[in-house]
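Below: the structure, in structure tokens.
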Amino acid sequence: MSLISVTSLSRVFDVSKPWLNRVLERRPKALLTAVSEVDFEVAPRSTYALVGESGSGKSTIGRMLVGLLTPTSGEVEINGVNLATERDADKVDAIRSDIQMIFQDPFASLNPRWRVRDIIVEPVVARGGDATGLAEKLLEQVGLSALDAGKFPHEFSGGQRQRICIARALSSEPKLIVCDEPTSALDVSVQAQVLNLMSDLKDNFGLTYVLISHDLTVVQHMADRIGVLYLGRLVEEASPKDLFANTKHPYTKMLLEAAPRMDGFGREATLPEGEIPDPINPPTGCAFHPRCPLATDVCKAERPKMRTINATRVACHLAE
Amino acid sequence: MSDAVLSIRGLSVEIPSRSGTVKPVDGVSYDIRAGEILGVVGESGAGKSMAGNAVIGLLTPPAHIAAGEIWLNGTRIDTLKGEDMRRLRGKQIGMVFQDPLTSLNPLLSIGDQLTETMLTHLDITRSEARTRAIAALEEVGIPGAAERIDSYPHEFSGGMRQRVVIALALCAEPSLIIADEPTTALDVSVQAQIIALLKRLCRERGTAVMLITHDMGVIAEAADRVAVMYAGRLAELGDVRDVLTAPRHPYTFGLMASTPLASQGKARLHQIEGAMPRLNKVPEGCPFNPRCAYAQDKCRKAPSPQIADRAAACWFPMTAEKVS
């Protein structure tokens, strides 16, 4: 059974101007569809990656998974429990402590006035648990020293802070960790250290990761399954091997072509056309059709359904 | 100084502080020729931006140039004062920063910003400047430049704003452009467009470009030569293909190996243990020695050799058998 099952998940944000301005300027309400009818499942003890450019809705999905945002429609079930609608408080509580999150910016996600020890044990203490010696143990597991527990966040470098964030995420012994761009703010050599640590912890603790990233190389290295998002829609989902070697969706192809390569000396990449469209007025039919080299009339009129071809799921009329 | 547009010789930047003087840039030398893109790569704190700021005279006091020379087209510029430097900046050196929103004035239309720059540096009339501003916007690939010239920065997307900043850097036809992380804030597909634009402008106009970035992939695709910096010093310098495929400095080697791309199919990424030293605690000898797998006594005592062309600042450079 899958640990997470997401069905037809959508989230709409109201980004209208204030009521009075709207009336005076005779403007309609502006609704931004950040996530639109996304379906996927995550198997236990696997790493599921969500990739996409800014505005593709990957962080919004991450926030809905952990319950920081409620879905506008559709469902997120974790271990068979829907956090948004479940009435049984005990069930919700049990699931909540199984979910943790790691954020992108380790400078903003640690309270500068708290000691590292208090930061790390907070998820346990908040539930009335016993946290004696826990912070010291976790600090050593993430490659820091037990003596660091008494220090403040400003005494650490970016990579070390991200380790503290990981230790905090581990303290409530979660099953699922949603990592929102965990290494984007870090240097390459530090990124390697943090990614290695994440792999080790996954094996040791039997964790499941949902990894949100814009970096295709990181995702390729870490993930068991990758979902590619465009304008809030899941356009392709495949294993890293299939996604990179046997790409089905034109958007994924464009993304892979545009990504800089280490061996791309003097390469003249085929340049992507245009930019991501306005999510308040998304294009009709397939959201990618204005930029797609293959687009036909059916792409303009009809939104493609998710189809399964071999082991790849793809939302494109023309993919085969 | 041969045919180099920019020549940096033994440049050191110092910041005096209560707890002693730190050297964010220490004895750095490199040249950039016309029509060449030099990639300056390193991790945060390596001094790559500081070196760029020293060239354009934008060091914030108390940071100052403590030693070395900077030559631009045969003129020494590190000794220039206030007004002379101001005239040079913008006219001969264009600058592109990481965040396009903070490098544009939100209260002026982009047309005003472009014409203002041109009127300051070139001897032309306001209407000529406007015509040239439209041409500049067209050149950097902004569709409908004639209509959009009176728009304000917030009306453009991130990628388009960065194009405006590049147009701004180019409008006085400088011989050198310093691009400090020009694509870091942008998405992959937009990044590819901006890199292609920089490459095209560099080729067509023969502008020298200093491309400062931490992204090895961007360097591989855009740069002709690359300078790798570590703890304020130049670790390795050379043709981009040589440096990236056959790195000689153990730091460059580790940096290349720790990118997820280079470790494809492996369960673990290559790891350089530890972190870059803080600038007030740069170790004696070669600054990389505590993290280096090949460090010997000499590395801990003698400062690493200074380099000028295809070389690694290392007493015991990497060879093929060391790697295997």
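Protein chains in written order, with our numbering: chain F, 157 to 476; chain U, 206 to 529. Ideal placement from N, C-alpha and C gives every residue a C-beta, glycine not left out. On a predicted model such as this, the values are computed, not experimentally measured, just so you know.
Boundaries (first-last residue) of the alpha helix (DSSP H) holding L449/U: V445 to T450
Under 7 Å from the C-beta of V237/F: neighbouring residues of chain U: Per Cβ cutoff of 7 Å: no residues; V237/F is ~33 Å from chain U at best.
Spatially closest choice to G240/U from S380/U, A516/U and E321/U, by CA coordinates: S380/U
Contact set between N360/F and chain U, taken where Cβ atoms lie within less than 9 Å: The premise fails here: N360/F is roughly 14 Å from chain U at the closest Cβ pair, so nothing lies under 9 Å.
Cα-Cα separation between T440/F and D208/U, rounded to whole angstroms: 55 Å
Cβ neighbour criterion (16 or more within 10 Å) applied to L450/F: exposed
Whole runs of the beta strand (DSSP E) within the stretch 333-414 of chain F, excluding any shorter than 3 residues: 364-369, 381-386 and 389-394
For L351/F and R97/F, believed in contact at Cβ under 8 Å, the rounded distance: No statement about residue 97/F is possible, as the shown extent of chain F runs from 157 to 476 and does not include it.
Nearest residue (CA-CA) to R283/F, options I436/F, H310/F, S340/F and D249/F: D249/F
Buried or exposed (CB count within 10 angstroms, at least 16 for buried), V218/U: buried
Span of the beta strand (DSSP E), counted from its first residue to its last, around V218/U: A209 to I220
Any chain U beta carbon closer than 7 Å to V168/F: no
Closer than 7 Å at the beta carbon, the chain U residues around T403/F: The contacting residues do not exist; T403/F stays about 15 Å from chain U at best.
Nearest-angstrom beta carbon gap, A256/U and V227/U [assumed within contact, 8 Å]: No, V227/U and A256/U are not in contact; Cβ-Cβ is about 15 Å, not under 8 Å.
Continuous beta strand (DSSP E) stretch holding F196/F: start and end: L187 to V198
Reduced DSSP category for M365/U - H, G, I as helix; E, B as strand; rest coil: helix
Contacts of H475/U in chain F (Cβ-Cβ under 8 Å): A348
Same chain only: Cβ atoms within 6 Å of V370/U, ignoring 5 sequence neighbours per side: V301, P305 and S308
Counted within 10 angstroms of its Cβ, other Cβ atoms place I261/U as buried (16 or more) or exposed: buried
Members of the stretch 364-395 of chain U that neighbour chain F once the beta carbon cut-off is set at 7 Å: G364, D392, V393, S394 and V395
Short-range partners of chain F found in the stretch 409-422 of chain U, where Cβ spacing is below 8 Å: H419, D420, M421 and G422
Under the three-state DSSP convention, the category Q256/F falls into: strand
Below-7 Å beta-carbon distance, S224/U vs any chain F residue: no
Opening and closing residue of the beta strand (DSSP E) in which Y204/F lies: T203 to V207
Among I329/U, L243/U and T325/U, the one whose alpha carbon lies nearest that of D444/U: L243/U
The beta strand (DSSP E) enclosing F521/U, as first and last residue numbers: Counting along the chain, F521/U falls outside any beta strand (DSSP E), and DSSP gives it neither H nor E.
Within-7 Å CB hit, E441/U to chain F: no
Span of the alpha helix (DSSP H) around P279/F: V272 to V281
Contact with chain F by E248/U, beta-carbon distance below 7 Å: yes
Straight-line Cα distance separating D283/U from R459/F: 60 Å
Under the three-state DSSP convention, the category D289/U falls into: helix
Burial state of A503/U (16 or more Cβ within 10 Å): Going by the sequence as given, residue 503/U is Lys instead of Ala. By the neighbour-count rule (16 or more Cβ atoms within 10 Å), K503/U is not buried but exposed.
Sequence-distant residues of its chain with Cβ nearer than 6 Å to M602/U (five each side left out): Past the boundaries of the shown model lies residue 602/U; chain U is included only from 206 to 529, so the question cannot be answered.
Contact check, I477/U vs S340/F, beta carbons under 7 Å: no
Euclidean distance between Cα positions of P338/F and L216/U: 36 Å
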